[in-house]
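Adding 364 to a residue's 1-based position in the sequence shown gives its number in our numbering. Ideal Cβ positions, reconstructed from N, Cα and C, are used throughout, including at glycine. To start, the structure itself, in structure tokens.
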Amino acid sequence: MKKHNGGYFGKILHVDATSGASRIESIDDEFIETYIGGRGFAIKLLWDNLAKNGTVDPLGPENMLVVAAGPLTGVYLPSSGKNSFAAISPATGIYGDSSMGGGFGVELRQAGYDAVTVVGKADELSYLFIDDDCVSMVPCPELKGKGNLETEGRIRDKIGDHAVRVASIGIAGENLVRFACVTSEWSRNAGRTGIGAVMGSKNIKAIAVRGHQDLPVDSIDKVVEISEQAYKELAAHDMMGYWQKQGLMGVIDYANNMGILPTYNFRDTHWEKSKTINGKTMLAGHKIGNTACFCCPMCCGNINLVKEGKYAGTVTEGPEYETAAMLGSNLGIDDFASVLRGNHLCDDLGLDTISTGNLIGVLIEGYEKDLLTLDDLDGKPITWGDDDRVMELIDDIANCRGAGATLALGSKGVLARWPQLKPIVLHVKGLEQSAYDCRGASSMALAYGTSDIGAHHTRAWTVGKELEMGAEWDNSEKVDLVIYHQHIRSLFDMFGVCRLPWIELGFHEDFYAELY
Ligand code: SF4
């Protein structure tokens with residue numbers, strides 16, 4: 365195998381959850397150089413293993429879950445803690461993936477694998493334990509119905525090692541909610557496309573990983589030299605302090621000023637109450653600390669505490685922009701403590717906050733416009749800003765109760781039951797739209813509409829350029845930029861690094877190419 369600076373172990377671990385058997389497949393240079401890693405490996409593995417089946421039931425045992433880090437995951441360089449979770453999505457019925465930060469992917473690499481695949485279905489609720497080259501399915505019926513926070517701790521207790529990395533599903537994943545996420549380290553989520561439901565369909569509550577191997581970097585001296593320079597550049601950036609303070613919460617004001625803040629189920633694009641859920645409000649009364657993914661100096665994770673009121677004692681890592689917008693302005697919630705509570709519930713129950721906020725917004729608007737009856741809402745009315753009912757609905761979605769059971773089916777399921785809602789359900793291919801309204805940034809309509817996984821902003825985020833260029837921005841240039849983003853952003857997911865230093869701090873992509 366050729367040497368790469370990030371390096372490959374050249375091994376893919378294949379696990380059959382039904383039998384508990386596992387095997388290792390070696391990959392060659394051609395595979396590596398064509399598909400690079402992360403979601404590149406995931407797409408190739410899914411294609412090779414599933415295309416022959418024609419149609420795949422996303423929640424059937426034949427679906428394949430792929431967890432793939434990249435060649436730069438875990439290497440000593442800024443923001444290199446990313447890995448991809450992928451499968452045929454239960455939200456869309458086509459390929460889906462989602463990227464997770466933190467340290468889970470790093471540990472997977474240290475266990476000696478470039479990717480892991482899982483097919484089949486365990487007889488009883490179990491966790492997959494990858495302990496270097498010792499791989500086992502461990503029954504854990506006692507974790508049924510447990511939230512992500514408790515699950516992670518109890519698996520670590522059971523293994524007797526709190527350095528083990530755990531990626532788990534909450535109740536939503538167990539109940540096959542179509543937008544269930546996979547969660548690690550409290551709130552590092554592979555949030556989109558319902559990968560948590562795929563794990564749930566396989567009776568896999570969690571994947572625990574422990575690894576002790578050195579990464580096979582070609583030249584540690586070169587890695588250190590390039591990375592030291594990169595850390596210096598980032599540390600000197602004007603916006604670094606701002607990022608460490610607010611993280612993505614600074615985007616609330618930006619989106620509101622630009623007219624792209626989802627408000628009242630995307631009915632409005634600007635909210636006069638946006639200050640109640642912005643970064644300054646967070647800093648003034650709630651933030652108690654920062655967290656970061658592996659080796660990331662931007663440390664954009666905000667740890668928040670609700671100090672008083674009915675949600676007092678709630679601690680959550682988050683929100684970031686998407687969550688604050690979708691559980692705040694999009695639902696008319698003008699109380700930051702309620703946003704934090706909603707964020708905490710979604711993380712613990714294992715729900716994607718974007719899809720959750722999107723679909724609860726649909727329910728509120730549907731009821732307001734008499735498209736839904738009180739019976740449809742289990743006899744419980746709801747209106748904008750009704751945080752009590754929103755919290756109840758979040759729990760109902762995860763537990764598939766009442767109206768929540770319909771929302772749990774995602775946009776496609778909602779429209780199958782309530783086709784009259786079609787004008788107010790914002791989705792592409794069955795994936796609910798992220799928190800950037802297209803009317804203030806029309807290039808995002810193209811980005812969402814042509815995204816391979818549905819309406820998710822990370823495939824192409826052209827908002828900054830749209831703001832810079834204004835209404836005169838030529839349409840053909842918008843097309844070019846969307847295509848450029850769709851290409852370059854896949855590289856970050858394939859390398860296993862975060863895109864934020866690049867898109868937010870102008871960190872040059874050549875840096876990664878040099879290390880690869
Ligand atoms: S910028 Fe934020 S999401 Fe990206 S690696 Fe750093 S802490 Fe993680």
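- In the displayed model, Asn-763 falls within a helix according to three-state DSSP.
- Under DSSP, Ser-390 takes part in a beta bridge, and its partners are Lys-375.
- Partner residues in the beta bridge of Ser-490, as assigned by DSSP, are Pro-503, Ile-568.
- Non-local C-beta neighbours of Tyr-606 in its own chain, meaning closer than 8 angstroms and more than five positions away in sequence, comprise Gly-614, ordered along the chain.
- For the ligand SF4, the residues with a Cβ under 5 angstroms from any of its heavy atoms are, in chain order, Ser-443, Gly-465, Ala-656, Cys-657, Cys-660, Met-662, Cys-664, Cys-862, Leu-864.
- With a threshold of 16 other beta carbon atoms within 10 Å, Ala-600 falls short and is exposed.
- Counting along the chain, Tyr-459 sits inside the beta strand (DSSP E) bounded by residues 459-464.
- Taken through DSSP and simplified to helix, strand or coil, Asn-642 comes out as coil.
- Bounds of the beta strand (DSSP E) holding Ala-479 are 479-483.
- Gly-653 sits in a strand when the DSSP states are folded into three classes.
- For the set Leu-864, Glu-873, Leu-879, Phe-875, the Cα lying nearest the Cα of Gln-608 is the one of Leu-864.
- For the pair Leu-855 and Val-439, the CB atoms are not nearer than the 8 angstroms cut-off.
- Your pair Ala-805 and Thr-826 checks out as a contact, with CB atoms roughly 7 angstroms apart and the cut at 8 angstroms.
- When the beta-carbon positions are compared, Ile-533 and Gly-509 stay at least 8 angstroms from each other.
- The distance from the Cβ of Met-755 to that of Asn-722 is about 17 angstroms, inconsistent with a contact at the 8 angstroms cut-off.
- The segment 472-484 makes contact with the segment 377-390; the number of CB pairs closer than 8 angstroms reaches 3 or more.
- For the pair Gly-575 and Leu-492, the CB atoms are not nearer than the 8 angstroms cut-off.
- Contact between Pro-580 and Tyr-372 is confirmed by a C-beta separation of about 7 angstroms, below the 8 angstroms threshold.
- Non-local beta-carbon contacts of Gly-813 in its own chain, meaning distances under 7 angstroms to residues more than five positions away in sequence, involve Val-792 in chain order.
- Excluding sequence positions up to five before and after Pro-425, its CB lies within less than 6 angstroms of the CB of Gly-484, Lys-485, all in the same chain and listed in chain order.
- Counting C-beta pairs with one atom in each stretch, the segment 659-679 and the segment 725-734 have fewer than three that are closer than 8 angstroms, which means they do not touch.
- DSSP, reduced to helix, strand and coil, places Leu-736 outside both helices and strands of the structure shown, so it counts as coil.
- The criterion of a C-beta distance shorter than 8 angstroms is not satisfied by Ile-584 and Phe-875.
- One Cα belongs to Thr-557, the other to Glu-597, and the distance between them is close to 35 angstroms.
- Counting only runs of at least 3 residues, the segment 412-460 fully encloses the following beta strand (DSSP E) elements, listed from N- to C-terminal order: 429-433, 447-452.
- The closest CA to that of Thr-720, considering only Met-833, Val-670, Ala-536, Ala-619, is found on Ala-536.
- By the neighbour-count criterion, in which a residue is buried when 16 or more other Cβ atoms sit within 10 angstroms of its Cβ, Ile-652 is exposed.
- Of the candidates Lys-569, Asn-620, Cys-545, the residue whose Cα lies closest to the Cα of Ile-519 is Lys-569.
- Spatial neighbours of Ala-780 in its own chain (CB-CB distance under 8 angstroms, excluding positions within 5 residues in sequence) are listed in chain order as Leu-773.
- When DSSP states are grouped into helix, strand and coil, Val-679 belongs to the strand group.
- At least 8 angstroms separates the beta-carbon of Met-858 from that of Gly-370.
- Here the C-alpha atom of Ile-616 lies approximately 20 angstroms from the C-alpha atom of Ser-551.
- In this structure, the beta-carbon distance from Ala-531 to Phe-468 falls below 8 angstroms.
- Contact annotation: the segment 681-689 does not touch the segment 455-470, with fewer than three C-beta pairs closer than 8 angstroms.
- Considering only Met-808, Thr-419, Gly-828, Asp-801, the residue with the shortest C-alpha distance to His-634 is Asp-801.
- In chain order, Ile-641, Pro-683, Thr-687, Ala-688, Leu-691, Gly-692, Ile-697 place their CB closer than 8 angstroms to the CB of Val-703, counting only its own chain and leaving out the 5 sequence neighbours on each side.
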